[in-house]
Amino acid sequence: MATTCEISNVFSNYFSTMYSSEDPNLASVPPATTFGADDLVLALSSPQMPLEGTEKASWLGEQPQLWSKAQVLDWISYQVEKHKYDASTIDLSRCDMDGAALCRCAPEELRLAFGPLGDQLYSQLWDLTSSFPDELSWIMELLEKDSMALQEPLGDQGPFGTGASQSPQASDSGGSDVDLDAPDSKLFSGDGFPDYKKGDLKHGKRKRGRPRKLSKDSRECLEGKKSKHAPRGTHLWEFIRDILIYPELNEGLMKWENRQEGVFKFLRSEAVAQLWGQKKKNSSMTYEKLSRAMRYYYKREILERVDGRRLVYKFGKNSSGWKEEEVVGHRN
DNA sequence: AACCCATTTCCTGGTT
DNA sequence: GAACCAGGAAATGGGT
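Under this note's numbering, think of the first position of the first sequence as 873, with each following residue one higher.
What follows is the structure, encoded as structure tokens:
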């Protein structure tokens, strides 16, 4: 029924009023070309892609809680496009809210306002608040927990109130004490973690390959339907890249040797490995193993070999998002 | 259910 | 000798 054009029209009308009344900077966005779903999809599928001058998916790099009304609308329109939803059935007045308000909405409210799409919106929002930002916030969390003592969950608003979830996992999986320089000292105390590893290692051989996970249901039980895919797109090289480009996450873990060339160095190799292990819920990660994975990147040209330099690697042509130009778009 | 991908684990051997 | 580096081989888990 509703074609892409129709939807665009419906929303672009709304946009012109929104933008002109709210943010003079955004007012310049031409209504007709406000959002091409293609552009958005493209931007989405390759978050590393520099967003260039014109911010297409204005909401992309930002926490939903911080979205402006325009960004909320932008996002909703994207969801409409994405799900091929009939926009004409939507009560547009319901879209008049900022990110904080959106995040406060209960699933029923969204369903009321957006019909069946409401469910999609809810779960997508879930993804955005718990998965996408996870790309960074999880490191933040770990680092914060590292320095700060534990504190109770900031249980305030709706399901998205505090960014991630207050899942049992979220509250203790990272282990409130991330002893970055002391591999597996006391990590994962109460996570139901497979702690057979070390023991087995000491005594005899253990099975090769990745150890089985035990704490998987724990996070599925609270997500219910959201089970989709976890925080996708976070590969090792992206993890490394993010530590490098977000100084606030990089507490002396790594440094650029040559930013232009993409050459970087591990300063605290074991600490980085531990952090990676934290992310993968694998307490037995070591630099030895992490570096093996890094070496596999040579063949794929995600990394280039830098010989003679210990702990030094270089991003290759198949990596992205680390160049300064890219980072600007990525971050702000 | 089978396959593929991206690691993870282990290992041998070489280098700094 | 410790800490790395190079890769091969095999295993694993998530996604499709």
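Every residue gets a Cβ at the ideal spot worked out from N, C-alpha and C, and that includes glycine. Bear in mind that the values here come from a model prediction, so they are computed numbers and not experimental data.
(request) Could you tell me whether the stretch 1158–1176 touches the stretch 1186–1193, using the rule of 3 or more Cβ pairs below 8 angstroms? (result) Between the stretch 1158–1176 and the stretch 1186–1193 there are three or more inter-stretch CB-CB distances shorter than 8 angstroms, so the stretches are counted as touching.
(request) Counting only the same chain and skipping the five closest in sequence on each side, list residues whose C-beta sits under 8 angstroms from that of Y1159. (result) F1138, S1141, E1142, V1144, A1145
(request) Reducing DSSP to helix, strand and coil, say where E1197 ends up. (result) helix
(message) What would DSSP say about L984, mapped onto helix, strand or coil?
(response) helix
(message) Does K1151 come out as helix, strand or coil in the three-state DSSP assignment?
(response) helix
(message) By the DSSP assignment, the alpha helix (DSSP H) with M1126 in it spans what residues?
(response) Premise fails: M1126 lies in the beta strand (DSSP E), 1126–1130, not in any alpha helix (DSSP H).
(message) Quick check on G1064: does DSSP put it in helix, strand or coil?
(response) Confidence in G1064 is poor, its pLDDT being 31 and thus under 50, which makes the residue's placement unreliable; the coordinate value appears in the next sentence. Residue state, collapsed to three classes: coil.
(message) Measuring alpha carbon to alpha carbon, tell me which residue in R983, S1156, I948 is nearest C967.
(response) Residue I948 is the option with its Cα nearest to C967.
(message) My output table needs one value for K941: the three-state DSSP class, helix, strand or coil.
(response) helix
(request) For S900, count neighbouring Cβ atoms within 10 angstroms of its own Cβ and tell me buried if that reaches 16, exposed if not. (result) Residue placement at S900 is poorly supported in this model, since its pLDDT is 33, which falls under 50; the coordinates still yield a value, given next. It counts as exposed.
(request) Alpha carbon to alpha carbon, how far is Q1150 from F1136? Give it in angstroms, no decimals. (result) If I take the Cα positions, the gap works out to 22 angstroms.
(request) Report the residue from V1178, G987, L1147, D970 whose alpha carbon sits nearest the alpha carbon of N1130. (result) V1178
(message) Taking its Cβ as the centre, do 16 or more other Cβ atoms sit within 10 Å of K941, making it buried, or is it exposed?
(response) buried
(request) Return the first residue and the last residue of the beta strand (DSSP E) that K1186 is part of. (result) 1184–1187
(request) Go through its chain and collect everything with a Cβ distance to K861's Cβ below 7 angstroms, but skip five positions before and after it. (result) Outside the shown range of the chain (873 to 1204) lies residue 861, about which nothing can therefore be said.
(message) Starting from V1135, trace the beta strand (DSSP E) in both directions and tell me its first and last residue.
(response) 1135–1138
(message) So, with DSSP's three-state summary, where would you put E1160?
(response) helix
(message) According to DSSP, is E1176 part of a helix, a strand, or is it coil?
(response) strand
(message) Within a Cβ cutoff of 6 angstroms, which residues of the same chain sit near V1199, ignoring the five residues on either side of it in sequence?
(response) I1117
(message) Tell me the rounded alpha-carbon separation between G1081 and S1163.
(response) 15 angstroms
(message) Taking the alpha carbon of M1166 as the reference point, which residue from S1155, P1119, R1113 has its own alpha carbon closest?
(response) Comparing Cα-Cα distances from M1166 to each of S1155, P1119, R1113, the minimum goes to R1113.
(message) Taking the beta carbon of Y1168 as the centre, do at least 16 other beta carbons fall within 10 Å, making it buried, or is it exposed?
(response) exposed
(request) Would you kindly check if the distance between the Cβ of L1108 and the Cβ of I1115 is under 8 angstroms? (result) no
(request) In the DSSP assignment, find the alpha helix (DSSP H) that holds E1110 and state where it starts and stops. (result) 1108–1117
(message) Less than 8 angstroms between the C-beta atoms of L997 and C975, yes or no?
(response) yes
(request) Note down the Cα distance separating N1154 from Y1185, rounded to an integer number of angstroms. (result) 23 angstroms
(message) Taking the alpha carbon of A972 as the reference point, which residue from L984, Q951, P936 has its own alpha carbon closest?
(response) P936
(request) Go through its chain and collect everything with a Cβ distance to F1111's Cβ below 7 angstroms, but skip five positions before and after it. (result) W1148, K1151
(request) Use the C-beta contact count for G1180: other C-beta atoms within 10 angstroms, 16 or more gives buried, fewer gives exposed. (result) exposed
(request) Give the straight-line distance between the Cα atoms of C977 and Q951, rounded to the nearest whole angstrom. (result) 16 angstroms
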